[in-house]
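Worksheet for the structure shown next.
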Amino acid sequence: MRKIFQIFLICLFLAECAEGQTLSQFLNQYSNANDTTSAYSIPPKMQWWYEARFGMFIHFGSYSHYGHGEWEMFLNKWSKEDYQNKITKKFNPKHFNAKEIVSLAKQAGMKYIIITAKHHEGFCMWNTQVDDFKDYTNTTTFDLYHYLGFERDLLMELKNECDKQGLKFGLYYSILDWNHHSQYAKDYWSQLYSMDEKAPFIEAEKRQIKELIDRYHPAVLWFDGDWCENKDTADVFNWWTKQDAVDLYNYVISLDSSIIVNERIKRNLGLGDFMCPEEKIPSKPLPRPWETCRTMNGAWGYDKSKSSSAHYMSADQIFEELFMTASRDGNYLLNIGPKGNGKLSKGDKTTLRAVGTLMNVYGEAIYGTGRNPASEKSKYGNDIGHLYTTKEGKLYCYSRDPNGETWTPFIKIQHPESEKHTYKVYELSHPEQEIQTTACVHLTDTTIQFRIKNWGYHNYNYQNGIDYDRFNKPISRRKKPSKKKFEIIVVDIPDFSNTRQ
451 MRKIFQIFLI
461 CLFLAECAEG
471 QTLSQFLNQY
481 SNANDTTSAY
491 SIPPKMQWWY
501 EARFGMFIHF
511 GSYSHYGHGE
521 WEMFLNKWSK
531 EDYQNKITKK
541 FNPKHFNAKE
551 IVSLAKQAGM
561 KYIIITAKHH
571 EGFCMWNTQV
581 DDFKDYTNTT
591 TFDLYHYLGF
601 ERDLLMELKN
611 ECDKQGLKFG
621 LYYSILDWNH
631 HSQYAKDYWS
641 QLYSMDEKAP
651 FIEAEKRQIK
661 ELIDRYHPAV
671 LWFDGDWCEN
681 KDTADVFNWW
691 TKQDAVDLYN
701 YVISLDSSII
711 VNERIKRNLG
721 LGDFMCPEEK
731 IPSKPLPRPW
741 ETCRTMNGAW
751 GYDKSKSSSA
761 HYMSADQIFE
771 ELFMTASRDG
781 NYLLNIGPKG
791 NGKLSKGDKT
801 TLRAVGTLMN
811 VYGEAIYGTG
821 RNPASEKSKY
831 GNDIGHLYTT
841 KEGKLYCYSR
851 DPNGETWTPF
861 IKIQHPESEK
871 HTYKVYELSH
881 PEQEIQTTAC
891 VHLTDTTIQF
901 RIKNWGYHNY
911 NYQNGIDYDR
921 FNKPISRRKK
931 PSKKKFEIIV
941 VDIPDFSNTR
951 Q
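This is the structure in structure tokens:
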């Protein structure tokens, strides 16, 4: 792989070299780039997750009824009594349809689902037998079954449907709990009434986590609500420490060693199995496996003020972010927020179906792919208009140019024993139509660099009174080709594994 990377750099040198810069000087720029261009080690239990690339996040709880998002209790300073009586009491997810949700996720090209079992509001979305989690009166367990008399097991319905349709199932669990009798919401965190409350609370959470693992066998446990300071000596505000997180991680793994745990068991300390930035895509690969979680409309839990189509990203935007994430060796967890009655909003359904249409054609360039082989220092490694992923025998280039004016760079590594070019270049949506390449530059007997003219009204060829597209097919003057927002060009390199410098 390192030899292939060096060949790639030589190609980039020809395209990028500054006046007076030698090849050796160019290569020295990247002499320490291997840490960010070589894929990190993937533990066996994470192989499915790493290859999946695309998952669904579901924020669903009693806050969904009110329609102001999952932070409503804190942001508008509800008392526990008022919140439970005026919001949670009215929550009735009778129209929750696990089959519809999983089918929509599968149609969108998603490979796994994470749903909130307990968010910061403290309401449990399952029939918990851990009696430490009660309402403000401390008499009734604060969950769907006991508090609301809702007898369906929504998490099990979703788990079973995931198993049936071939998706992995995971659970979100908040470490802080604004409702629990041990604490109350304060400064975007929660403060204990007394340090004496800490140990019993953590023990109760462990019993709930064991309950979730034993009952639902999640493939992923996605923790959150961990962000207080990590002090040497805990206090009533900064009560969740690194040692608490390490202890909880070890506890989870002791129950099921196959479970993947995110870093938000206590973030930014190198804990858990993967990093998880939020609402952003890093500019380069992170030091270890990572997943970004993303909203389609700026809302996690259902927010009726953001339910119009104007608030949603387009399917093209979502796909571009997904490709960008894969090109930097990450996963993309895209959120939906069902309404309080369990129904999905029109925006969620319409957008995901449109994403699915793209994934049906272009998913090959996402699933099981590796990062861009170029360093992030290269303009080709960090140019939003041209993004790359790799798979055995193939280099995929996502190319977006609304003006249709740029040239798309590609790299070819030719099989050394063949005198003929063994590569094929085509658009992923039309693999049967080979694209004619131009401006070929032979570097050695085993490598070649070439460029392809992008689409657009100004980029077709004119010969002998006839217009030709870049597939060298005649274009009718009455009907010129329409512009596209993006395309994915594939460089198909047979016998890639035997390629050598």
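In our numbering, the protein residues as written are 451 to 951. All C-beta atoms in this analysis are idealised placements derived from N, C-alpha and C, irrespective of residue type, glycine included.
Residue i, buried or exposed, once every other Cβ within 10 Å from all chains shown has been counted against 16
| i | result |
| --- | --- |
| R803 | exposed |
| T589 | exposed |
| Y638 | exposed |
| N914 | exposed |
| M523 | buried |
| E611 | buried |
| Q579 | exposed |
| T587 | exposed |
| Q693 | exposed |
| L525 | exposed |
| H880 | exposed |
| K935 | exposed |
| A669 | buried |
| N810 | exposed |
| D593 | buried |
| M645 | exposed |
| D685 | exposed |
| I938 | buried |
| D664 | exposed |
| D723 | buried |
| P788 | buried |
| A765 | buried |
| S529 | exposed |
| K527 | exposed |
| K540 | exposed |
Residue i versus residue j: straight-line alpha-carbon distance, rounded
| i | j | result |
| --- | --- | --- |
| L705 | Q633 | 27 Å |
| E647 | A654 | 11 Å |
| H515 | K544 | 12 Å |
| N581 | G572 | One point to set straight first is that residue 581 is Asp, not Asn, in the sequence displayed. Approximately 13 Å, taken between the alpha carbons. |
| I625 | L671 | 12 Å |
| E729 | D627 | 23 Å |
| G790 | D532 | 18 Å |
| Q883 | V940 | 11 Å |
| S953 | H570 | The shown model of the chain, from 451 to 951, leaves out residue 953, and the question about it has no answer. |
| K844 | D942 | 5 Å |
| C574 | P650 | 18 Å |
| E814 | K609 | 26 Å |
| K614 | S733 | 37 Å |
| C678 | L719 | 13 Å |
| T819 | P493 | 16 Å |
| D676 | T801 | 31 Å |
| L698 | E713 | 12 Å |
| T591 | W576 | 11 Å |
| M606 | G751 | 20 Å |
| S642 | E877 | Residue identity check: residue 642 is Leu in the sequence provided, not Ser. Rounded to the nearest angstrom, the two C-alpha atoms are 58 Å apart. |
| H892 | I768 | Legend: pLDDT at H892 = 48, less than 50; position of this residue unreliable, no value from coordinates given. |
| G806 | I916 | 37 Å |
| M496 | I710 | 7 Å |
| D674 | L808 | 31 Å |
| S707 | H836 | 39 Å |
| P739 | A695 | 19 Å |
| L598 | H631 | 19 Å |
| K636 | N547 | 35 Å |
| L473 | P823 | Summary for L473: the model assigns pLDDT 31, below 50, so the residue's position carries little reliability; its value from the coordinates is reported in the next sentence. If you take the alpha carbons of L473 and P823, they lie about 18 Å apart. |
| Q557 | N542 | 27 Å |
| F687 | K549 | 42 Å |
| Q658 | H596 | 15 Å |
Closer than 7 Å: residue i CB and nearest the ligand SAH heavy atom
| i | result |
| --- | --- |
| G599 | As presented, the structure is devoid of all ligands, the ligand SAH included, so that no description of it is given. |
Beta-carbon separation (whole angstroms), residue i vs residue j, contact threshold 8 Å
| i | j | result |
| --- | --- | --- |
| A956 | I565 | Lying outside 451 to 951, the shown extent of the chain, residue 956 is not represented and no answer is given. |
| E771 | I816 | Not quite, the Cβ-Cβ distance comes to about 11 Å (not below 8 Å), so this is no contact. |
| A749 | G519 | 6 Å |
| L662 | A567 | 6 Å |
| T745 | P727 | Their Cβ separation, rounded to whole angstroms, is 13 Å, which puts T745 and P727 out of contact at 8 Å. |
| K561 | L621 | So it is not a contact: roughly 16 Å between Cβ atoms. |
| C777 | Y838 | Here the sequence assigns Ser to residue 777, which means Cys is not the residue at that position. With a Cβ gap of about 6 Å, S777 and Y838 count as contacting. |
| Y701 | K656 | 6 Å |
| F507 | N785 | 4 Å |
| D603 | Q534 | In fact, because the Cβ distance is near 22 Å, the residues do not count as touching under 8 Å. |
| G517 | D753 | 6 Å |
| I537 | S512 | 6 Å |
| R821 | P737 | That belief does not hold up - the Cβ atoms of R821 and P737 are roughly 13 Å apart, past 8 Å. |
TODO: Could I get the ranges of all uninterrupted alpha helix (DSSP H) runs contained in the region 533–578, with 4 residues as the minimum, in chain order?
DONE: Within the region 533–578, the complete alpha helix (DSSP H) runs of at least 4 residues are 548–557.
Task: Cβ contact check for the region 491–504 and the region 775–786: 3 or more pairs under 8 Å - done: The region 491–504, when compared against the region 775–786, does touch it at the 8 Å Cβ threshold.
Task: Contiguous beta strand (DSSP E) assignments of at least 3 residues, all confined to the region 708–782 - done: Runs of the beta strand (DSSP E) inside the region 708–782: 740–744.
- [ ] Report yes or no: do three or more beta-carbon pairs, one from the region 757–773 and one from the region 794–803, lie closer than 8 Å?
- [x] These segments touch.
TODO: Starting from the N-terminal side, write out each stretch of the alpha helix (DSSP H) that is 4 residues or longer and does not extend beyond the region 572–612.
DONE: You should have 594–598.
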